[in-house]
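In our numbering, the protein residues as written are 235 to 386.
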């Protein structure tokens, strides 16, 4: 009888570990269980921002200087710039590429100035030539995250 009581909890732990994903949490605690489709969020934010949205994607790049932003792939053709609310938290600067990421916060359209685009390009380690090629602002989807989950 004692063996049965020990076996069942051990089996449950093994099964839950094998099927569930493990994440590191940065900022506000968020759940990986509920995410929104990027296509519907993108359609909604054409007119106004959307608060309290959770998106899933793959990390393309993190800020190599501080870990203060993430570029994440959210569809075959779209990459999203994610910044962190009030610079209240940072993510690791290295080794995060191609990892699954879940972000929760506010999605909105905004014009990113040439100065900011160049700043992010410099942070990303782009060459001076590449940075100087940035001559026009871009109207892009932005994301201000309250919390971030990155797969372990």
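The beta carbon of each residue, even a glycine, is placed where N, CA and C say it ideally should be.
Taking DSSP as the reference, what is the three-state secondary structure of residue i?
i, result
"residue 295", "strand"
"residue 280", "coil"
"residue 325", "coil"
"residue 374", "strand"
"residue 358", "coil"
"residue 384", "strand"
When you compare the CB positions of residue i and residue j, do they come within less than 7 Å of one another, or not?
i, j, result
"residue 293", "residue 338", "no"
"residue 385", "residue 333", "yes"
Which residue's Cα is closest to the Cα of residue i: the options?
i, options, result
"residue 381", "270, 278 and 288", "288"
"residue 315", "309, 305 and 322", "305"
"residue 309", "320, 330, 273 and 333", "273"
"residue 295", "325, 321 and 281", "325"
What does the alpha-carbon distance come out to for the pair residue i and residue j?
i, j, result
"residue 360", "residue 269", "32 Å"
"residue 283", "residue 365", "29 Å"
At a threshold of 6 Å, does residue i count as lining the ligand PLP (C-beta to nearest heavy atom)?
i, result
"residue 297", "Among the components modelled here there is no ligand, and therefore nothing to report on the ligand PLP."
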